[in-house]
Amino acid sequence: MVMGTTVLGLACPCFLPSTVYCSSVGRVLTFTSRKYTPGSVLRRCVSNEKEEVLLEGMPKEYYDDEWQARQREKTKELRRRRKEEEEEEERKIEEYREIGMRLKEYPEEDVVRARKLVSSFIRAAEEVEEKIEEAAEKGELTELVLMVIWNRLDLARRDDEKDAVRSLDLLYRRVETEILKREASPAMRLLNDLLIMYDGFNDEEWLKQCKKCMVDTFPREDPFSILVPQGFDIDQHRGPLRPALEDDDTLLRVDFVREVDALLQEVRSEQNELQSDTGFDPESVANRLKQQEKQRTIRLVEALLDLAIGLQW
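Under mature numbering (1 follows the signal peptide of the UniProt record, and there is no 0), read the sequence shown as residues -22 to -1, 1 to 291, first letter to last.
Structure representation (structure tokens):
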């Protein structure tokens, strides 16, 4: 028994506990320092997260620096456009406020009345001519009415409403013409009526009608006609012997010739100062057409002046 025990002890050497602990710890530390440092573990986790995100459906461009730079540029462009739109909106609001302030200097009752009158013109459609003439006879066409029409026209232009701009522009010109006609001298009113008679085709027939109108309008210039009132027939010795009280604005041929000649001189001087547009853009073409229309009107006025100078009864 003693011999067996001794052999077993010699065949299996025993180790001290401290020796076992140190060797095992050394193996663990060596294994950890070689393969599992904190940095490698973190990189492995991040790479695993990216792989998981890509697998969940995120676009690959999301991780591309160039793609992200383009997206940032697009964002800047969108912000710039949004800022421009906000500034444009503020500008329009300020312009609308300015347009509304134009009528502040007029009495509120007059402004309301003028707006109602302009609204009636717009609703009248084909009967607008009669409405304008009726308002002119009542003395309702004033500068305030023109201002109301101009405000509506300005708003339509800023909102780019082409049909409304065209209609309001025609209405403004028609009302302005009627106001100028009422405020003009008898010579200018006659000139306007004679120009309206022109149809643009038959000049000879138009001049015949103008001559007849002039003969009916201008009093005869012989000595006997000067002494007797208008409407008295020298040949038949019939007619009123006393002039009517309302005939104070009788138009003489010499006055008509003088005013029309002064008008032509003024218009010619303005035409000479203007420079003709030679471009082919829409604005230049429109300016040339306007100049051609003015030249045609000037020639018509010149023909009427010659007709009045050589008029014979």
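All residues carry an ideal CB built from backbone N, CA and C; glycine is no exception. As the structure is a prediction and not an experimental result, all values here were calculated from the model.
Using a Cβ-Cβ cutoff of less than 8 Å, which residues in the same chain neighbour residue i once the five nearest sequence positions on both sides are dropped?
i      : result
Lys109 : Ser98, Phe99, Ala102
Ile287 : Val235
Arg246 : Ile276
Leu278 : Leu173, Tyr176
Glu86  : none
Asp171 : Cys191
Gln187 : Met175
Glu280 : Leu242
Counting only the same chain and skipping the five closest in sequence on each side, list residues whose C-beta sits under 7 Å from that of residue i.
i      : result
Glu154 : Leu124
Asp88  : Leu122
Leu20  : For Leu20, the predicted structure reports a pLDDT of 44, less than 50, and the residue's modelled location is therefore unreliable. A value from the coordinates is still provided. If we look at Leu20 and ignore the five residues flanking it on each side, it has no Cβ neighbours.
By Cβ distance, which residues of its chain are closer than 6 Å to residue i, with the 5 residues on each side in sequence left out?
i           : result
Arg60       : none
Arg93       : Val126
Thr8        : The predicted model places Thr8 with a pLDDT of 45, which falls under 50 and marks its position as unreliable; any figure quoted below should be read in that light. Contacts found: none.
Val(-21)    : Here Val(-21) scores only 41 on pLDDT, less than 50, and its place in the model should not be relied on; the value that follows carries that caveat. Closer than 6 Å at the Cβ level, and outside the excluded window around Val(-21), lies no residue.
Arg130      : Leu146
Leu241      : none
residue 309 : Residue numbering for the chain in the displayed model covers -22 to 291; residue 309 lies beyond these limits and cannot be assessed.
Pro16       : Caution is warranted here: a pLDDT of 49 is assigned to Pro16, below 50, making its placement in the model unreliable, and the coordinate value is therefore given only provisionally. Counting only Cβ-Cβ distances below 6 Å, and skipping sequence neighbours, we find nothing.
How far does the alpha helix (DSSP H) with residue i in it reach, from first residue to last?
i      : result
Lys109 : 106 to 115
Pro260 : 260 to 287
Trp128 : 121 to 136
Ala103 : Element bounds for Ala103: n/a, residue is neither H nor E.
If we call anything under 9 Å between Cβ atoms a contact, is residue i one with residue j?
i           : j      : result
Ala113      : Leu119 : yes
Leu285      : Met192 : yes
Pro164      : Leu229 : yes
Gln249      : Gln273 : yes
residue 298 : Leu282 : Lying before the first or after the last residue shown, residue 298 is absent from the chain, which here runs from -22 to 291.
Val143      : Arg135 : yes
residue 321 : Met166 : Since the first residue shown for the chain is -22 and the last is 291, residue 321 is missing from the structure and cannot be characterised.
Leu56       : Val106 : no
Trp291      : Arg160 : no
Leu267      : Arg231 : no
Glu67       : Glu111 : no
State yes or no: is the beta carbon of residue i nearer than 9 Å to at least one beta carbon in chain C?
i      : result
Ala134 : Among the protein chains of the structure shown there is no chain C, as only one such chain exists.
Just to confirm, does residue i get its C-beta within under 8 Å of one of the non-hydrogen atoms of the ligand FMN?
i     : result
Lys61 : What this structure holds is no ligand at all, so the ligand FMN is not there to describe.
Please give me, in chain order, every unbroken run of the alpha helix (DSSP H) with length at least 4 that falls completely inside the segment 160 to 198. 164 to 174, 181 to 195
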